[in-house]
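Chemist: Below are the structure tokens for one structure; questions will follow.
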Amino acid sequence: MTSFRVRSILTASLAAGIWVAYTQQQPPPELTVTKVHDDLHVIVGSGGNVTVYETPEGVVLVDDKFEPNVPQILAKTKSVTSKPIRYLLNTHQHGDHTGGNAKLMEQGVEIIAHENARLNMEERKMPGLPRLSFANQFTVRLGGKTIRAQHFGRGHTNGDAVIYFPARKTIHMGDMFVSSAPFVDYANGGSGVEWPRTLDRVLTLDFDTVIPGHGPILRRADLVKWKQGWEQFREELLSKKRSGMAKDEIGKGLNVDPFFGTGGKWERSFSAFWDEVK
Ligand SMILES: [Zn+2]
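Once you know that position 190 of the sequence shown is 1296 in the working numbering, the rest is easy, because the numbers rise by one and skip nothing.
As structure tokens, then:
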């Protein structure tokens, strides 16, 4: 099962707590580590990508998958650095990116998220609420290195943070960038109309490497292309709407692959996006 499908199941059933049963039924899948730089690795597989950034004074993680993945996240981190994990930045509140929060907090890891992400977690009674939150920007300075979490606007949710590693010209996008059709979480303040505009602001950063929320590591050009696909898709639907087509006429037969690449479940976002686009 792909991580994307796991995420879909999770998102659909999070409120009911079914995901807990689902993830506990079977041992979590084996994770793999991809090296981006000597001090920057990504743990891939099951749930969202986890970035491991090493500094002389400790490690900064981005996201922590599902709760059952924590032992492996710790083991994989240990396989690339002997330093302790000090901070963890959540890109947004979804359970495949924050599932390990509670366990990591027990280990003394300080967790940081955007205010809205924290609020969304709180409203849904999710475990592992971050103790630190921010509105626009939060900077961690550790061991002579800088890590910056920035909120550029609405997109996947209303509390997405892009994590920037300036020394490595690398950004971790969370689910603001996936190499498939996007999921706009309208229930958590997401916006398909704002999303590409938010990406425009992300692109003002100086970076060449992009860690998406799920899947393999990509380049700046991939994000530019995906953002352009978003804009074209928005225009396409807008022109359909203006031409008088009804929502029901389009919904089922819509092929979004030309805009976003294959995969993803656009149907989940279609109805609310159609209403939003003007
Ligand atoms: Zn998400």
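Idealized CB from N, CA, C, for every residue including glycine.
(1) Tell me which same chain residues have a C-beta within less than 8 Å of the C-beta of D1312, skipping the five on either side of it?
(2) Please name the residue or residues paired with P1318 in a DSSP beta bridge.
(3) Expressed to the nearest angstrom, what Euclidean distance is found between the alpha-carbon atoms of W1336 and I1323?
(4) Is the beta carbon of G1319 within less than 7 Å of some heavy atom of ligand 1?
(5) For F1244, I'd like the list of residues in its chain whose CB is within less than 6 Å of its CB, leaving aside the five on either flank, ordered along the chain.
(6) Going by the C-beta, is H1220 closer than 7 Å to any heavy atom of ligand 1?
(7) Looking at ligand 1, does it come within less than 7 Å of L1145, judged from the CB to the closest heavy atom?
(8) Report the option in K1209, F1379, T1252 and H1257 whose CA atom is closest to the CA atom of P1236.
(9) Based on the DSSP output, what are the partners of L1167 in its beta bridges?
(10) Give the single residue among R1348, Y1292, G1350 and M1279 whose Cα lies nearest to the Cα of W1332.
(11) Identify, in the order they occur along the chain, each residue of the same chain with its Cβ nearer than 6 Å to the Cβ of G1205, setting aside the five sequence neighbours on each side.
(12) Taking buried to mean at least 16 other C-beta atoms within 10 Å of its own C-beta, is D1306 buried or exposed?
Modeler: So, from the listed chains and residues:
(1) P1272 and K1275
(2) G1280
(3) 20 Å
(4) yes
(5) I1218 and A1255
(6) no
(7) Reading the sequence as shown, one finds Asp at residue 1145 and not Leu. D1145: no, Cβ never under 7 Å from ligand 1.
(8) K1209
(9) V1158 and L1194
(10) M1279
(11) K1171, F1172 and E1173
(12) exposed
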